[in-house]
Amino acid sequence: MSPLVLAASIALSSLASPCFAQVDQIRAEPELIAILAKDDAPRADKAMACKRLTVYGSPAAVPELAKLLSDAELASWTRIALEAIPGNEADSALRDACASLSGKLLVGTINSIGVRRDQAAVEMLAGQLKNSDPQVAVAAAFALGKIGGADATSALRAALASDSETVRSAVAAGCVLCAEQALAAGDAAGAVEVYDQVRSAKVPQQRIVEATRGAIIAHGADGIPLLVETLRSPEKKLFYVALQTAREMPSQELATALLAEVASASPDRAPLIVQALADMPGTVDVQTIVELAATASSKEVRVAAIEAIGRTGDASCVAPLLTIATESEDLVAPVKAALVNIPDEAVNQEVVARLPEAQGDVDAQLLIEVVGLRRIEATDALVKALDSSRPAVRHAALESLGRTVAPERLGLLVNQVVSPKHSEDFDAAVTALKTGAIRMPDREAAAEDLSAVVEDAPPAAQVAILEILGSMGGPHAL
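The sequence shown begins at 6 in this note's numbering and counts up by one.
This is how it looks when you write it as structure tokens:
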């Protein structure tokens, strides 16, 4: 019976067997041990006993559990219990079993030793790094990495020259794990030494990426040159790990270095560096990003800088963003998104204050749209914009009124549908009224107001209002 079949058997037994259900309720360790010791006990019962010993087991259960480490069907259940039972007895049982096991059983046992971080197993695991079965050597490498410490690190560093690429990769991963533990323990210099050895070893790129990230972090502020060097790597994975690492160690010094890189980076990479800067709040003055958005030669960099302003900017950014929008049609959409997203509430007052001054199609329409998208109360200014000679401005004002108008002023939109000043505004007015009516806190009251004007409205307006009432629902709509 394979372990998978045994697991299925356990699931079925739990439904059909009263005896099995009893095993699942046993909390007394001696009873569970007795099941393991009984030769003719159903194997599903033994598996469940192992599972229960994970919770209720003590060193007293180790001898019987150890006997099952060589059982292909029950070994995995046994190891789960041994991983959880406290005390040196479980460690000794797992170590001792390695001398007589091979293949998957040995791999599983070594994995359990790694889970328990058994320092006493380091010498034995170091020997397993040379096992002719590469899967065993791989398991030993990862276990040593989890255990960590000087001896485990030395064993792994010596094995980085293994003839097997598979083993070298696992050994490198183990080295990275050891270096992480060394760094956490305060040994930055030791961690850097290990990371650098992995970076120069003949191992898969992923391991070099992991070691490079670790080396940059371990160096601290002195790691900025390595981070910049990594940003310039032709390998995309190294470039991306440098970006991510920059986000993990923000500083003004690093921000300065990244800004310098923006100017020389390739068109596809420079915007990504700007995005990384946006994820390092407080390390770069927002006006520096504004200047980048205004003067960068690359459109992609300008867009990235504008997006960064949307995440980190304040009210002082409104004016330069409007200027940028008037310079290039391609930048209007990102500028609008930035103005909507800037978290500073003072932006609302700045936008409203600039509405009367907006003279051009772009800035007037843009500010009006931002009013609606930020849900700014500016009804009077929007109503004034309805008198504009420019259809795009009027339509933007109607849309924003739909998003912001208060219940007591919904009649403004009703009038725009019933008697629009400009026939080409009718569709925009209908859409705005529908948006406004549906978002009213008291839909019944709003529906009553709409119902009151249906009879005297022009035919096209009647149809539109009835459709809006249908969308609102409720008794008045019916």
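Ideal placement from N, C-alpha and C gives every residue a C-beta, glycine not left out.
Predicted, not measured: the structure shown is a model, and the values here were computed from it.
I need the straight-line Cα distance from residue i to residue j, nearest angstrom please.
i	j	result
D430	E382	22 Å
V295	P446	39 Å
I222	E362	50 Å
L165	L79	34 Å
A26	A54	Confidence is the limiting factor: at A26 the pLDDT is only 44, short of 50, which leaves the residue's position unreliable, though a coordinate-based value still follows. Going from the Cα of A26 to the Cα of A54 covers about 11 Å.
L391	R408	15 Å
K109	I115	10 Å
A66	Y200	41 Å
I329	A466	40 Å
A450	V458	13 Å
V323	L403	23 Å
N136	A142	6 Å
F244	R121	36 Å
M194	A226	The question names Met, but residue 194 is Ala in the sequence shown. Their backbone Cα atoms lie some 13 Å apart in a straight line.
E332	G365	12 Å
S107	P139	12 Å
Tell me the residue span of the alpha helix (DSSP H) that contains residue i.
i	result
L243	241-253
Q133	127-133
H400	396-409
P412	Note, P412: premise wrong, no alpha helix (DSSP H); not H, not E.
P348	Here P348 belongs to no alpha helix (DSSP H), and DSSP marks it neither H nor E.
D101	93-102
P139	139-152
N136	From DSSP, N136 is part of no alpha helix (DSSP H); its letter is neither H nor E.
A324	323-332
E78	That residue, E78, is in no alpha helix (DSSP H); it is neither H nor E in DSSP.
R204	193-204
A320	No alpha helix (DSSP H) contains A320, which DSSP labels as neither H nor E.
S107	Per DSSP, S107 belongs to no alpha helix (DSSP H) and is neither H nor E.
R57	48-61
S256	Segment: none, S256 is in no alpha helix (DSSP H) and carries neither H nor E.
H427	That residue, H427, is in no alpha helix (DSSP H); it is neither H nor E in DSSP.
S169	Here S169 belongs to no alpha helix (DSSP H), and DSSP marks it neither H nor E.
P464	464-477
I2	Residue 2 lies beyond the range of the chain shown here (6 to 483); nothing can be said about it.
K389	384-390
A155	155-163
T293	291-300
P35	34-42
D454	448-459
How about residue i and residue j: do their beta carbons lie closer than 8 Å?
i	j	result
I85	K56	yes
P339	V308	yes
A251	L232	yes
R316	N346	yes
R204	A220	yes
G150	L134	no
M285	A260	yes
S75	S105	yes
G478	D454	no
A299	P325	yes
L344	V352	yes
I443	S405	no
V246	H224	no
Tell me, to the nearest whole angstrom, how far the beta carbon of residue i is from that of residue j; I am working on the premise that it is less than 8 Å.
i	j	result
A102	A144	Between A144 and A102 the Cβ distance is about 14 Å, and since that is not below 8 Å, they are no contact.
A281	L264	Not really, about 11 Å apart at Cβ, beyond 8 Å.
L236	E266	6 Å
A283	S303	About 16 Å; that fails the 8 Å criterion.
I118	A131	The pair is not a contact, with the Cβ atoms about 12 Å apart (cut-off 8 Å).
**Message:** Count Cβ pairs between the region 419-435 and the region 365-384 that sit closer than 8 Å; are there 3 or more?
**Reply:** no
**Prompt:** Would you call the region 171-183 and the region 199-216 touching, i.e. three or more CB-CB distances under 8 Å?
**Reply:** yes
**Prompt:** Taking three-plus beta-carbon pairs below 8 Å as touching, is the region 153-165 in contact with the region 180-200?
**Reply:** Judged by Cβ distances under 8 Å, the region 153-165 makes contact with the region 180-200, as three or more pairs qualify.
**Request:** Check whether the region 344-358 touches the region 393-413, counting contact only when three or more Cβ pairs, one atom from each stretch, lie closer than 8 Å.
**Result:** no
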